[in-house]
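To keep things clear, I will list the structure first and then write my remarks on it.
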Amino acid sequence: MTEQDTKKRIEEINAQIEVLNEERKELQKNCNHSKYRIGLFSWRIGCFDPRRICNICDEILMEEPTKEEYDQFKAEDNLGQGKKEYKNESN
Ligand SMILES: [Zn+2]
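This note's numbering puts the sequence shown at residues 447 to 537.
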């Protein structure tokens, strides 16, 4: 592969990623987030917050975990991803 080939292929890949990101955004917008887990969300390098994450579309939800959900999350042996699945009552 020449440098020109690599450059062209990277541009194609970037264009595809953009299309896929748009599709994901659309799917997340239409998801009713019926089930979620608690997971760590990094909002900037080195900073993590526990948040509700949709188990269907992986969107970070606006509502923060309850104290009970956070305590359960902390009690689990995990790598930033809670195992317990919750039903979203607000839908
Ligand atoms: Zn969702």
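Ideal Cβ positions, reconstructed from N, Cα and C, are used throughout, including at glycine.
Note that this is a predicted model, so its numbers are computed, not measured.
| Query | Result |
| --- | --- |
| Option nearest Glu-510 by Cα separation, candidates Leu-525, Glu-531, Gly-492 and Gly-485 | Gly-485 |
| DSSP beta-bridge partners of Arg-455 | The partner list for Arg-455 (beta bridge, DSSP) is empty, contrary to what the question assumes. |
| Neighbourhood of Phe-487 by C-beta, 6 Å cutoff - its chain only, sequence neighbours within 5 removed | Asp-495, Arg-497 and Ile-506 |
| Simplified DSSP assignment, three categories, for Lys-481 | strand |
| Closest by C-alpha distance to Cys-493, when choosing among Lys-454, Tyr-482, Glu-535 and Gly-526 | Gly-526 |
| Residue burial classification, Arg-483 (beta-carbon count within 10 angstroms, cutoff 16) | buried |
| heavy atom of ligand 1 below 7 Å from Glu-477 C-beta | According to the sequence shown, residue 477 is Cys rather than Glu. At least one heavy atom of ligand 1 is nearer than 7 Å to the Cβ of Cys-477, so yes. |
| For Asp-495, the first and last residue of its enclosing beta strand (DSSP E) | 493-500 |
| C-beta atoms of Lys-529 and Glu-535 nearer than 8 Å | no |
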